[in-house]
Structure formats: C-alpha cells, structure tokens
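Each number in the working numbering corresponds to the 1-based position in the sequence shown with 21 added.
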Amino acid sequence: MTEMVVATNEAPTGEARAAPRRRRRAAPAKTAAERFGVLPRPSLEYTPEVAAATAHLYEKVAHVIPAIEWPFHAPYVKAINDLKKVRNAVILAHNYMTPEIYHCVADVVGDSLQLARLAEKTDADIIVQGGVHFMAETSKVLSPEKTVLIPDGKAGCSLAASITAEDVRLLRRRFPGVPIVAYVNTSAEVKAEVDITCTSSNAVEVVESFGVDRVICLPDQYLARWVAANSKVKIITWKGSCEVHERFTGEELQAYRDADPSVRIIAHPECPPDVIAASDFAGSTAKMIDFVKHVPAGGRVVLVTECSMADNVASEAPQVEFVRPCNLCPHMKRITLPKILDALLEMKEEVVVDAEVAARARRAVERMIHLKN
Ligand code: 13P
Ligand code: SF4
22 MTEMVVATNE APTGEARAAP RRRRRAAPAK TAAERFGVLP RPSLEYTPEV AAATAHLYEK
82 VAHVIPAIEW PFHAPYVKAI NDLKKVRNAV ILAHNYMTPE IYHCVADVVG DSLQLARLAE
142 KTDADIIVQG GVHFMAETSK VLSPEKTVLI PDGKAGCSLA ASITAEDVRL LRRRFPGVPI
202 VAYVNTSAEV KAEVDITCTS SNAVEVVESF GVDRVICLPD QYLARWVAAN SKVKIITWKG
262 SCEVHERFTG EELQAYRDAD PSVRIIAHPE CPPDVIAASD FAGSTAKMID FVKHVPAGGR
322 VVLVTECSMA DNVASEAPQV EFVRPCNLCP HMKRITLPKI LDALLEMKEE VVVDAEVAAR
382 ARRAVERMIH LKN
C-alpha cells in the first residue's frame, strides 16, 4: 500500500481562486421534440396480445417480479420495445437498473466502462440512458451527433456532485505536472479538465499508465484508497464518496462471515477500506457479476453494492444464493419504465453538452477507452 493524500478545495496560501471561465453555451436550434416530433401515447392496457408478446421477457424476471405485478409492467415493456424501432433508439442500461428495465427493455447492459464503449459504437439515432446523468453525458460526449435522452434529469450522483471544474483547476495549480485521473462519475466539465478518465474496472491500469510515482485520482477517496492499496503509485485524491457504498461497514460484513464462514463477500471499490478488507473480492459491477457466475453451485454470496445487482444477476447465476445487505441508489431508482416511455414519446430530457467542453472531455474519455493494457 502506498501513501495517500486527501486534498481539499482551499486555495494554496496567497493564491486566490480563479474566476470561473465564461463559456458561450450554444443552445440547439430546435429541441429534440421539434426535430423528431412527439408521438401519441399508446394504450397501456394489459391485453392477451400484450401478455403473449411479453411472455418470454417475464420468464427472465419471474424470480423477482410477482405474477400479480406483471400486468402493470408488461404494457410499458411492449410499448417501449415497439417505440425503440420507430425511433431507431437504443437503451443503454447500467447494472443498477431495476430488473424490468435491465432484462426487458435494455439493448445493452453493463458497468460504466462497458456502457461508454457501447455508446461510442452504436449506430442508433437516439440513446436513452438507463442510468444517471454523468453516464448520459459520457454517451453524449462520445456521440455528439446522436440525441441522448435521460428519462429523469434529476438522476444525479453524490460523487459527480462532489467536485467542480474549478476545483480541478485548483488542484492542477497546487500539484503542477502531476497527472490527473477523473473517475467517470464526474460531470463533463470536470472531465474536460483532466488528463484521462477511469472506471472502477480499470482504475489501477489507468493510474499506472503514466509511469510516474504520483497521480491525482479524483473524486472518490475510497476508490483512490483501493487503487493505492493495489499499486506502487502515490495517490492524491479528493474528499468525495458514494452515498450508497459508504454506508456499508466492515462490522456488518464480519457478522455475515461469523454466521457462515463459507460465504463469499464481494464489494464495490467505492466502499470504505474496512469493507474492502472484510471482502473476498472487490471490483466493478461487471467484475462482480463475473465473479458470481463462477461461484460453485450451492455457494452463498453477499453482494456489497446497490440492491438491483443481486436481482439482475440472480437469473444468470441460479446456482447461487444471495444474502442481501444492499443499499438503494435513490438516483438510479429515478429511472422507471413510465419515464422511459415518456422519454421516447416526448423526446425528453435531452442531454446537451457545450461543444468545446465536450471536445476536451472526449479526449479524456477516449484516452481511457483506447488504453492498451
Ligand atoms: P461501475 O462502473 O462499477 O458500474 O460503477 C458505477 C457506479 O456508479 C457504481 O456506484
Ligand atoms: Fe453515484 Fe453511488 Fe449512485 Fe453510483 S451508486 S450513481 S456512485 S450515488
């Protein structure tokens, strides 16, 4: 484990905070609704036709959605899947989306790195982001010619909210010459100020890619601690944290282990160090899913992360029994089937990123995506 410094946003002695740079935000000539048109609301009745068209999808979620609730979801599922074809749209869904989104309407599912890679490749005209705002911004930054919609613009992230572009400029001045890595859980304006982005799936490789002995890795102090524990590079970090993962404690995990010493505990690197220390494995949401798939039949697993993960992976790893001390991400949970339907019908809420900010942020994200390991 190497040394760690947690920086703050106090200006260095004698240095005033620079005034924010003024940028002209060119408003799009027309809104997405004006460009694509608003479509009439389809019937949301649960008819025999809807039941037949969605039966194969219900099979994937029957373990978590009681049959009595399916007539509520099914009409939305059918309407959304029909509309995707009409709009030439894809739905990119993060692993924390609820099962009826993840299994029934998503075209692509994955962790932040997988979603960023796929956003770059899709040839759809419209991307609907099943996830939080920074993920939708990343899609827009990578595909500026596409229309990116987020079904609820208030779906934020405590990490993205913990740091501003001005904070990053301050760190640059305080630590001249030290490369800056930003977790993708940041705004496009923050990404525009850094050298490269990382996700929890590649953070160690990204930090080591500079070949230097000191790197700033922001804004998640816990992810940074985890990187420092797995690398010789000295990490300077920020005071951000994930409001979902910071609530787990090593003590509660120890109680699960005491109750069943064979239990496997898998944590997300956004968890505090005592939680990681009490776990058998730490990795991105995609790496956690991969780990679970390889647990032998009869194994019991504690997934130390957002609640929908265990629900979603349960159908892909039926041999495993999940113990669920999960926490809900209130931001991810803002995305629902009714809001996805509204997004596709009314073409809202469009994600707009200033062209100059997007160009600089794109450099940082593409540098990560194309990093040779
Ligand atoms: P992943 O990149 O591991 O999917 O994490 C994103 C996230 O927001 C976890 O809280
Ligand atoms: Fe942000 Fe944490 Fe929610 Fe992920 S789980 S989106 S890091 S608040």
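Each residue gets a CB set at the ideal place from its N, CA and C atoms; glycine is no exception.
Proximity to L78 across P96, Q150 and V254 peaks at P96, based on C-alpha coordinates. With respect to the C-alpha of S208, the residue from A186, A137 and C219 having the closest C-alpha is A186.
Taken from the Cβ of H154, every heavy atom of the ligand 13P lies 8 Å or farther away. If you draw a straight line from the Cα of G152 to the Cα of M118, it is about 7 Å long. Annotation for V189: I201, A203, V211, E214, V215 and L239 place their beta carbon closer than 8 Å to its own, counting only its chain and skipping 5 residues before and after. Shown here for Y67: same chain residues with a beta carbon closer than 7 Å to its own, the five before and five after excluded, namely P92, A95 and P96 in chain order.
In this structure, the ligand 13P has no non-hydrogen atom nearer than 8 Å to the beta-carbon of L139. Annotation for A181 indicates a beta carbon within 8 Å of some heavy atom of the ligand SF4.
The set of residues whose C-beta lies within less than 5 Å of a heavy atom of the ligand 13P reads, in chain order, D132, S133, T220, S221, S305 and T306.
Looking at P165, E90 and V169, the one whose alpha-carbon comes closest to that of R108 is V169.
Distance from the C-beta of H352 to the nearest heavy atom of the ligand SF4 is below 8 Å. Beta-bridge annotation (DSSP): L170 is paired with V149 and E371. Around W247, the same chain offers P290, I297 and A303 as residues with beta carbons nearer than 7 Å, after the five sequence neighbours per side are excluded. For K255, the secondary structure class from DSSP, reduced to helix, strand or coil, is strand. Partner residues in the beta bridge of I217, as assigned by DSSP, are V202. In the structure shown, H266 falls within a helical segment according to DSSP collapsed to helix, strand and coil. Straight-line measurement puts the Cα of P69 at about 59 Å from the Cα of I256. If you look at F57, you'll find it in the alpha helix (DSSP H) that goes A53 to F57.
At a Cβ-Cβ threshold of 9 Å, E264 and P346 do not count as neighbours.
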